[in-house]
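2 protein chains.
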Amino acid sequence: MPNFDAIDAAIARRLEHNLEELRQLIAHPSVSAEGQGMEACATFVAELLHLRGFKVQLVPSAGFPVVYGVRPGARSAPTLLFYNHYDVQPAGPSELWDSPPFDLTVRDGKAVGRGAMDDKGHIICRLAALDALLEAEGELPCTIKFVIEGDEEGNNVHLPEFVAQHTELLAADACLWEAGGVNHQGVPECYAGMRGIAYFELRVATASRDAHSGLGGSIFPNAAWRLVWALRSLKGPDERILLPGFYNRVRPPTARDLELLAALPEESDDLRNSYGLRGFIKGLTGGVELQREAVFSPTCTICGLTSGYQGPGCMTVLPAQASAKVDFRLVPDQDPAEVLQQLRAHLDAQGFDDIEIIDLGCEAPGRSDPDHPFLRLVADTAEDVYGIRQLIAPMTGGSGPYHAFIHHLGVPIATAGISYPGAQAHAPNEHFRIPDFIAGTRHTARIIARFGSKA
Amino acid sequence: MPNFDAIDAAIARRLEHNLEELRQLIAHPSVSAEGQGMEACATFVAELLHLRGFKVQLVPSAGFPVVYGVRPGARSAPTLLFYNHYDVQPAGPSELWDSPPFDLTVRDGKAVGRGAMDDKGHIICRLAALDALLEAEGELPCTIKFVIEGDEEGNNVHLPEFVAQHTELLAADACLWEAGGVNHQGVPECYAGMRGIAYFELRVATASRDAHSGLGGSIFPNAAWRLVWALRSLKGPDERILLPGFYNRVRPPTARDLELLAALPEESDDLRNSYGLRGFIKGLTGGVELQREAVFSPTCTICGLTSGYQGPGCMTVLPAQASAKVDFRLVPDQDPAEVLQQLRAHLDAQGFDDIEIIDLGCEAPGRSDPDHPFLRLVADTAEDVYGIRQLIAPMTGGSGPYHAFIHHLGVPIATAGISYPGAQAHAPNEHFRIPDFIAGTRHTARIIARFGSKA
Chain A
1 MPNFDAIDAA IARRLEHNLE ELRQLIAHPS VSAEGQGMEA CATFVAELLH
51 LRGFKVQLVP SAGFPVVYGV RPGARSAPTL LFYNHYDVQP AGPSELWDSP
101 PFDLTVRDGK AVGRGAMDDK GHIICRLAAL DALLEAEGEL PCTIKFVIEG
151 DEEGNNVHLP EFVAQHTELL AADACLWEAG GVNHQGVPEC YAGMRGIAYF
201 ELRVATASRD AHSGLGGSIF PNAAWRLVWA LRSLKGPDER ILLPGFYNRV
251 RPPTARDLEL LAALPEESDD LRNSYGLRGF IKGLTGGVEL QREAVFSPTC
301 TICGLTSGYQ GPGCMTVLPA QASAKVDFRL VPDQDPAEVL QQLRAHLDAQ
351 GFDDIEIIDL GCEAPGRSDP DHPFLRLVAD TAEDVYGIRQ LIAPMTGGSG
401 PYHAFIHHLG VPIATAGISY PGAQAHAPNE HFRIPDFIAG TRHTARIIAR
451 FGSKA
Chain B
1 MPNFDAIDAA IARRLEHNLE ELRQLIAHPS VSAEGQGMEA CATFVAELLH
51 LRGFKVQLVP SAGFPVVYGV RPGARSAPTL LFYNHYDVQP AGPSELWDSP
101 PFDLTVRDGK AVGRGAMDDK GHIICRLAAL DALLEAEGEL PCTIKFVIEG
151 DEEGNNVHLP EFVAQHTELL AADACLWEAG GVNHQGVPEC YAGMRGIAYF
201 ELRVATASRD AHSGLGGSIF PNAAWRLVWA LRSLKGPDER ILLPGFYNRV
251 RPPTARDLEL LAALPEESDD LRNSYGLRGF IKGLTGGVEL QREAVFSPTC
301 TICGLTSGYQ GPGCMTVLPA QASAKVDFRL VPDQDPAEVL QQLRAHLDAQ
351 GFDDIEIIDL GCEAPGRSDP DHPFLRLVAD TAEDVYGIRQ LIAPMTGGSG
401 PYHAFIHHLG VPIATAGISY PGAQAHAPNE HFRIPDFIAG TRHTARIIAR
451 FGSKA
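For the record, the sequence lines run as chains A and B. For the first sequence, this note's numbering assigns the number 1 to the initial residue and increments by one for each residue that follows. For the second sequence, this note's numbering assigns the number 1 to the initial residue and increments by one for each residue that follows.
Below is the structure:
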């Protein structure tokens, strides 16, 4: 067995160096939504891998280049694949940040910057674990592959296609997902599945220009009303989604899923307090019912509405255009392409053939077996670091290219990392806590070591 | 009878002088929505009246000061009241103007500038008519009063209260409204009523901050959905407004109203082409039915919608806040205060007590008798100027403080002026055509002369 004391000592010794690498990585403001500096950031990530002896390629994709790296281990098998992304969310209003978003700032035991957690901190966490293993052991026990994309935060979902086209390059025995960490109680938590997503913009134009509401109010079609009526036809106050056939493929959770959910901490109070909610919908109050609904039911969420006059006071305008952003979160075995068909057919049937649907990105839902040996390995190794076994959530509410790895590569996927619920991903003052970084790096090193020793 | 040849000659001779006054008036950018330079503009308007021998006051109001002026005529009675406003709409993007918006520019027979038509051009038109009468006749045949407000274009409706508080000051026998002119066919057209308005913002907040749609989509209340459902409860695709009691006070048009509507030109093709409409709502195609619906039915118009993410591409956010701007156009005898009560009661009854209603301004509907001798006088005098009798629309679709003058002062109200449908009020390159200015001024002079001679 590897010498974990030596590995942990190396992690501690190299902390400043790895944080300096993270500082340089964050200094590349690789905001995929804006597209500036993406190539430069990809090149820098490639250089970080190259320094560790990886054979690296910047592989073109339908979006930004994908950084691919492979480093053979001491023995021939097995192969562990790391999935990460080098793009970040926009920084948002600078006045909401306590320090410059693209200048990693360590204060009060926290490392603050855009991408500190999501996901540049995780890239460095993986590399720091490799550094420590190499320093303590002189070699890696297995082959490591990285696939680090630049479109995770952006509007374009290219990775599933990329994975489908590069199954040999990416072939592996298991995959460690981009992020992970501890829950509100400080207990490490993993998820074994992600919901899919079908994100659409609904648009309607009823005239070539806005009209005065006094002129047109009684006789002109109104784009905002058309949109409201079309949206209402999708879901009513009872929260039931009204697309015919929408629920047909929904697979309910298994008894094992419910058992795993029951083992998760109660988070209803945290959610209520954190978001200032008066309560949940559907009469939910907490417990397994809330956990189950949160991840095993599909959704139809209005993410945005826009039409007409939105400034202060009043303007008596009858809008010619209106649009909504709508996302459907999908559970196994729902299919985003089928949902698009159902949506079009439903709108047409309801008299809303004037509503245009723009497909802004779809991903299928996907699950790993929560009892797969690799997920058990990840859970077991967590105990050595955190003093408590990792909890496994059978699904998470979010979406990602998870399904593509399962479908095209056949790998089980586990999560582990440096995050915690207060990390403010996608928000100002995104950060991780330094002790979480150390723990996540130790955990990653143990996953690699144990995975290699299993061969 | 007055010498109209001499009056018309004086109007022609004084044209350049009056346009120069208008140039100076427009150079005061009195945008009430922005509030800059309003006092200076009011003072300049007061000076224009003072130069004509008016006794002038700047009367404080709940909004910007009201310019009031009175000039006794040669004999004791009667009194004609002019209602105008010195505030203008914002200029909007300067690149959309062919000349600086606050620098009156005459080109191609058009006088272009913000407020050229609405309403500074009409202030100067009234003054030009008085100038010509004084020059040709040496005196005015009746007492003239001006009430010129500074909040017509703004978000605050203060004039009805002002009128109610100053009934003695404003006492008159008839009122000439702020604007008027010719229709698409060049035929002078007057309106004898205005719809009321009840303009509300509906706001809902479901959380203290936005959530990730993957986290909250299945379990959190969504402000955008709450808003959509609440709006849908107000009106469905059949265009019927669903507030209980909303239609109770609606007075249908009389046979005389329908006769007047039938005499108006068919505008359905113009409207369709001008606004790029595929068609009208409620199965309307044109004719008296369209005319009737356009002005004699109340409306519920969504003027604006805003919630969540509205930028390009997608952001998977569950919005904590949503709002809509909604205006109800009201017909006699609907009451804006009652509509507010109906709206609150309806939302509460439908389970939407979380929807906040913000009152952004209300005005009651009002009508004059289209066959009142004063309106006949205005129509008759038009024939002398335009060669054709003025058409009378029994109502217009827009709203204004019209009702306050009828209710508190008991005056009949007519419209006449310098406008035409292409004047681009509220838009870039607002203008009037010089011949329309001359005709509107001649018409105004005849209205004053005939009104005075009727005493």
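Glycine included, every Cβ here is placed at the ideal spot set by N, Cα and C. Keep in mind the model is a prediction, meaning the values are calculated, not measured.
Within 8 Å, strictly: CB atoms of residue i and residue j
{"i": "T441/B", "j": "A128/B", "result": "yes"}
{"i": "V461/A", "j": "L49/A", "result": "Residue 461/A is absent from the model: chain A starts at 1 and stops at 455."}
{"i": "A439/A", "j": "E430/A", "result": "no"}
{"i": "H426/B", "j": "Q36/B", "result": "no"}
{"i": "V339/A", "j": "F405/A", "result": "no"}
{"i": "D8/A", "j": "L80/A", "result": "no"}
{"i": "S274/A", "j": "T285/A", "result": "no"}
{"i": "T306/A", "j": "Q310/B", "result": "yes"}
{"i": "A91/B", "j": "P101/B", "result": "yes"}
{"i": "V31/B", "j": "A46/B", "result": "no"}
{"i": "F432/A", "j": "G186/A", "result": "no"}
{"i": "L260/B", "j": "I392/B", "result": "yes"}
{"i": "R450/B", "j": "T381/B", "result": "yes"}
{"i": "P463/B", "j": "R292/B", "result": "The question about residue 463/B has no answer here: the residues shown for chain B are numbered 1 through 455."}
{"i": "D87/A", "j": "G154/A", "result": "yes"}
{"i": "P421/B", "j": "H184/B", "result": "yes"}
{"i": "L19/A", "j": "V106/A", "result": "yes"}
{"i": "P412/A", "j": "R367/A", "result": "no"}
{"i": "Q334/B", "j": "L243/B", "result": "no"}
{"i": "P232/B", "j": "R232/A", "result": "Residue identity check: residue 232/B is Arg in the sequence provided, not Pro. In this structure, R232/A lies closer than 8 Å to R232/B by Cβ."}
{"i": "A230/B", "j": "F64/B", "result": "no"}
{"i": "P319/A", "j": "D210/A", "result": "yes"}
Secondary structure of residue i, DSSP reduced to three states
{"i": "I357/B", "result": "strand"}
{"i": "S233/A", "result": "coil"}
{"i": "R389/B", "result": "coil"}
{"i": "C303/B", "result": "strand"}
{"i": "N3/B", "result": "coil"}
{"i": "Q24/A", "result": "helix"}
{"i": "Q350/A", "result": "coil"}
{"i": "H280/B", "result": "A small correction: the amino acid at residue 280/B is Phe; His does not occupy that position in the sequence shown. Residue state, collapsed to three classes: coil."}
{"i": "V295/B", "result": "helix"}
{"i": "G286/A", "result": "coil"}
{"i": "A62/A", "result": "coil"}
{"i": "T316/B", "result": "coil"}
{"i": "G154/B", "result": "coil"}
Residue burial classification, residue i (beta-carbon count within 10 angstroms, cutoff 16)
{"i": "L96/B", "result": "exposed"}
{"i": "L347/B", "result": "buried"}
{"i": "H407/B", "result": "exposed"}
{"i": "S453/A", "result": "exposed"}
{"i": "S218/A", "result": "buried"}
{"i": "K282/A", "result": "exposed"}
{"i": "S213/B", "result": "buried"}
{"i": "I11/B", "result": "buried"}
{"i": "D103/A", "result": "exposed"}
{"i": "T206/A", "result": "buried"}
| task | Decide yes or no for the touch test of the stretch 415-425 of chain A against the stretch 184-198 of chain A: beta carbon pairs closer than 8 Å, at least 3 of them. | result | yes
| said: Is it the case that the stretch 147-159 of chain B contacts the stretch 225-238 of chain B, given that we only count it when at least three CB pairs across the two stretches are under 8 Å? | reply: no
| What are the start and end residues of each continuous alpha helix (DSSP H) run of 4 or more residues lying completely inside the stretch 230-274 of chain A, in chain order? | 255-263
| 4-residue-minimum alpha helix (DSSP H) runs that sit fully inside the stretch 170-216 of chain B, ordered along the chain | 213-216
| Would you call the stretch 199-207 of chain A and the stretch 380-393 of chain B touching, i.e. three or more CB-CB distances under 8 Å? | no
| query | Taking contact to mean at least 3 C-beta pairs separated by less than 8 Å, is the stretch 285-302 of chain A in contact with the stretch 311-328 of chain A? | reply | yes
| query | Do the stretch 116-132 of chain B and the stretch 68-85 of chain B meet, that is, are 3 or more Cβ pairs less than 8 Å apart? | reply | yes
| field | beta strand (DSSP E) runs wholly inside the stretch 363-438 of chain B, at least 3 long, in chain order | value | 391-393 and 431-433
| field | Residue ranges of each alpha helix (DSSP H) within the stretch 75-112 of chain A, 4 or longer | value | none
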